[in-house]
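This report concerns only the one structure given below.
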Amino acid sequence: MLRQQLLGVRGRWTADDVREAGRALAERALELPELAHGRTVAAYVSVGSEPGTLALLEALRARGVRVLLPALLPDNDLDWGEYTGPDSLAKVEHPRKMALFEPSGTRLGPDAVTAADVVLLPGLAVDARGMRLGRGGGSYDRVLARLERAGAHPRLVVLLYDSEVVARVPAEAHDKPVHAVVTPSAVRRFPGA
Numbered sequence: 005m006l007r008q009q010l011l012g013v014r015g016r017w018t019a020d021d022v023r024e025a026g027r028a029l030a031e032r033a034l035e036l037p038e039l040a041h042g043r044t045v046a047a048y049v050s051v052g053s054e055p056g057t058l059a060l061l062e063a064l065r066a067r068g069v070r071v072l073l074p075a076l077l078p079d080n081d082l083d084w085g086e087y088t089g090p091d092s093l094a095k096v097e098h099p100r101k102m103a104l105f106e107p108s109g110t111r112l113g114p115d116a117v118t119a120a121d122v123v124l125l126p127g128l129a130v131d132a133r134g135m136r137l138g139r140g141g142g143s144y145d146r147v148l149a150r151l152e153r154a155g156a157h158p159r160l161v162v163l164l165y166d167s168e169v170v171a172r173v174p175a176e177a178h179d180k181p182v183h184a185v186v187t188p189s190a191v192r193r194f195p196g197a
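Under this note's numbering, the sequence shown is numbered contiguously, ending at residue 197.
Set out below in structure tokens:
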């Protein structure tokens, strides 16, 4: 029910609102020391009314950061490819799912994410504990489990709108808190992560 409510609010955002929020979000995110010092960042291309990520992807690339982007596999796991600019993206239609913009170049395998210094996560909300509410497909739960199995400890940062930082979201035993949330107006850190 919370997911539907949050998606309903996002559905009222105009394309201009999303673009403007994306610019502000990029400015705020680029202030993070983690992104200033990260050599490899796993990110994603926003779709629809998600907080825009293209300005941030371009700024990271301009800084010389290696940016990895996900490609959805049939079982909802994620493969990864490198972002080398807007021309390196392809719109991919997934049966019974939304169309996604994915890297069009060489696939690096699901384990490529373990090389990331920072993983930027999509979400619908984050709570005061740093627990993230995703869309429910489990793709990023698999990513987080893969990182844990590999002994990788990247900084986990979720990108949201200001109104999506809430008091509490449902959490299960396998859920892990993120280190920070970036919104267009603020950065909030979660020391328990």
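All C-beta atoms, glycine included, are put in the ideal place defined by N, C-alpha and C.
| Check | Outcome |
| --- | --- |
| Name, in chain order, the residues that DSSP records as bridge partners for Ala75. | Asp83 |
| Do the region 118–133 and the region 97–108 touch if we need at least three Cβ pairs shorter than 8 Å? | no |
| In three-state DSSP terms, what is Thr118? | helix |
| Could you pull the DSSP bridge partners for Val182 from this structure? | None; Val182 has no bridge partner. |
| Check this for me: beta carbons of Leu11 and Pro174, under 9 Å apart or not? | no |
| Just how far apart, CA to CA, sit Leu137 and Leu128? | 6 Å |
| Quick check on the DSSP output: the beta strand (DSSP E) that includes Asp131 runs from which residue to which? | 129–131 |
| Could you spell out the range, first to last residue, of the alpha helix (DSSP H) harbouring Val22? | 19–34 |
| Have a look at the DSSP bridge pairing and note the partners of Arg192. | Val185 |
| Going by beta-carbon coordinates alone, are Thr187 and Arg16 separated by less than 9 Å? | no |
| So, at 7 Å on beta carbons, what are the nonlocal neighbours of Thr57 in its own chain, with the 5 sequence-adjacent residues on each side left out? | Gly26, Ala47, Tyr48, Val49, Ser50, Leu163 |
| With burial defined as no fewer than 16 other Cβ atoms inside 10 Å of the residue's Cβ, what is the status of Val191: buried or exposed? | exposed |
| Looking at Arg159 and Glu38, is the spacing between their C-beta atoms short of 9 Å? | yes |
| Would Leu73 and Glu106 qualify as a contact pair, given that the criterion is a beta-carbon distance under 9 Å? | yes |
| Which same chain residues end up closer than 7 Å to Gly142 when comparing Cβ atoms and leaving out the 5 residues on each side of it in sequence? | Asn80 |
| Taking C-alpha atoms, which residue in Asp20, Arg67, Ala94, Arg172 lies nearest to Ala75? | Ala94 |
| Per DSSP, what are the beta-bridge partners of Pro107 in this structure? | Leu93 |
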